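Structure, as structure tokens:
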Amino acid sequence: MNEIFQYTPAALLALASFAFVSSITPGPNNLMLLHSGARFGFEKSTPHLLGVSFGFGFMLFLCCIGVAAVILEVPYAQMALKILGCAYMLWLSYKLWRGGALPDEKTLNDHSHNQAKPMTFIQASLFQYVNPKAWMMGLSVPSAYLPTTGSVVTNSLLGVVLFTIINLVCCGAWVQGGAGIRRLMHNPNLAKVVNISIVLMTLYCAASVWFPA
């Protein structure tokens, strides 16, 4: 067993700590999950939540076994991902600004809100590949936390399972937080403040794509 898994307790703790900090802090996924929880509730946002965590888990596995690093060596690949990620978040910011990041009492009952749907499992999974923060997290694990001895595949699998579980719990907290915000919709002034805050944080995430690493 020791020949397969080369993680020490300290290494696992370090990986778990990185998984928690990187998963709980604000980013595109968490802001979208906050919005989904507020607009649709926790239950309807579950496919979105699972898509984020398991989609990222698969991308993390690709990073750990070296596939992602090879892809990013393709000329202009990193620039293309930055442009796509930034463009998506700018579009999302515009959509949230026009439609309201959160529904008020009027839009909760109107036809357009009833037609709106949360992100699906597949959509959330695919979004990870244009999410700059997800790439940063994924590429950090093999470079800083993956053991250099033992089986790369089995070490990667253990790291991915640990990271995915922690990520799922952290992202779930954001969905639950959004679901809790629904109770504030009776106060239009507070709802407006929350709306603007979510839009501004999304714009910041778009701008942060171009910040130096």
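Under UniProt numbering, the residue at position 197 of the sequence shown is numbered 197, and the numbers go up by one with no gaps. Ideal Cβ placement from N, Cα and C applies to all residues, glycine included. Model, not experiment: these values are computed from the prediction.
Does the beta-carbon of residue i have 16 or more other beta-carbons within 10 angstroms, so that it is buried, or is it exposed?
i           : result
residue 23  : buried
residue 112 : No answer about residue 112 holds up, because its pLDDT of 49 lies below 50 and its placement is not dependable.
residue 135 : buried
residue 37  : buried
residue 133 : buried
residue 81  : buried
residue 10  : exposed
residue 67  : exposed
residue 19  : buried
residue 144 : exposed
Within the continuous alpha helix (DSSP H) that includes residue i, where are the two ends?
i           : result
residue 169 : 152-181
residue 207 : 188-208
residue 44  : 42-64
residue 138 : 132-144
residue 184 : It is not in any alpha helix (DSSP H) - residue 184 carries neither H nor E in the DSSP assignment.
residue 21  : 9-24
residue 127 : 121-127
Under 7 Å Cβ to Cβ from residue i, same chain only, skipping five residues before and after it: list those, please.
i           : result
residue 131 : 28, 29 and 85
residue 16  : 162 and 166
residue 184 : 190, 191 and 194
residue 26  : 201
Which same chain residues end up closer than 6 Å to residue i when comparing Cβ atoms and leaving out the 5 residues on each side of it in sequence?
i           : result
residue 139 : 63
residue 97  : 199
residue 160 : 57, 60 and 61
residue 142 : 63 and 64
residue 47  : 120 and 121
residue 168 : 53
residue 156 : 61, 64 and 65
residue 12  : none
residue 170 : 23 and 24
residue 125 : 51 and 55
Based on Cα-Cα distance, which residue from the options lies nearest to residue i?
i           : options               : result
residue 32  : 13, 210 and 177       : 177
residue 92  : 198, 209, 55 and 183  : 198
residue 35  : 188, 119, 126 and 204 : 119
residue 181 : 14, 39, 15 and 95     : 39
residue 203 : 89, 49, 60 and 57     : 89
residue 43  : 179, 188, 211 and 187 : 179
residue 210 : 171, 172 and 79       : 79
residue 95  : 129, 156 and 116      : 116
residue 208 : 21, 51 and 87         : 87
residue 77  : 171, 129, 14 and 149  : 129
Residues in the same chain with beta-carbon distance under 8 Å from residue i, minus the five sequence neighbours each way, listed in chain order, please.
i         : result
residue 1 : At residue 1, the pLDDT of 48 sits below 50, so the modelled position is not reliable and the matter cannot be decided from this model.
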